[in-house]
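*Asks:*
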Amino acid sequence: QSNAVGQVSVEMDAAPGIDLTKLLNDMRGQYEVIAEQNRKEAEAWFNEKSGELKREISTNTEQLQSGKSEITDLKRTLQSLEIELQSQLAMKKSLEDTLAETEGGYCAQLSQMQLQIGNLESQLFQVRADMERQNAEYQQLLDIK
């Protein structure tokens, strides 16, 4: 048995090894830049939308206050018109009552005057009849002479 002892030397041309730590750090840096950019974009979007919402809330609040003011004014106007209406209705009722009383008084006076006219016409008729009778008698007396 023989032992062969020899040395073998092997050389290879291989690409240098990839530095995984550096690669991971580069990727982490890129992701952090992207994440920061996304955060800034989201914050800008949020601020823009918040501003729009605040402006809309402010506008709506102003419109609400204006509407409340208008409603208050309209209620006040309505109350004053209702008071005026009640006053006008009371005045109308009073005038209607006065008119009815006046008409009643004038109707009574008219009836009284019509009775007087009737009596005067009757008297006038009687006076004419008496005059005609007396005139006829006078004519007869003249004819006799």
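Counting from 1, one number per residue, gives the positions in the sequence shown under the UniProt record's numbering.
No residue lacks a Cβ here, since even glycine has one placed at the ideal position from N, Cα and C.
Since the structure is predicted, the reported quantities are computational estimates derived from the model, not experimental observations.
#1: Nearest-angstrom Cα distance between E41 and D19?
#2: To the nearest angstrom, report how far apart R39 and Y31 are at their CA atoms.
#3: Following the continuous alpha helix (DSSP H) through I18, name the residue where it begins and the one where it ends.
#4: For E132, which residues from the same chain have a beta carbon less than 7 Å from its beta carbon, with the 5 sequence-adjacent residues on both sides left out?
#5: Would you report the Cα separation of C107 and K92, rounded to the nearest angstrom?
*Replies:* In short, the structure shows the following:
#1: Here residue 41 corresponds to residue number 41 of the sequence shown, with the count starting at 1. Here residue 19 corresponds to residue number 19 of the sequence shown, with the count starting at 1. Cα-Cα distance, rounded: 33 Å.
#2: Translated into the one-based positions of the sequence shown, residue 39 becomes position 39. Translated into the one-based positions of the sequence shown, residue 31 becomes position 31. Taking the straight line joining both Cα atoms gives about 12 Å.
#3: Against the sequence shown, residue 18 aligns to sequence position 18. Here I18 belongs to no alpha helix (DSSP H), and DSSP marks it neither H nor E.
#4: Mapped onto the sequence shown, residue 132 falls at position 132. Closer than 7 Å at the Cβ level, and outside the excluded window around E132, lies no residue.
#5: Here residue 107 refers to the residue found at position 107 of the sequence shown. Here residue 92 refers to the residue found at position 92 of the sequence shown. In a straight line, the C-alpha of C107 is about 22 Å away from that of K92.
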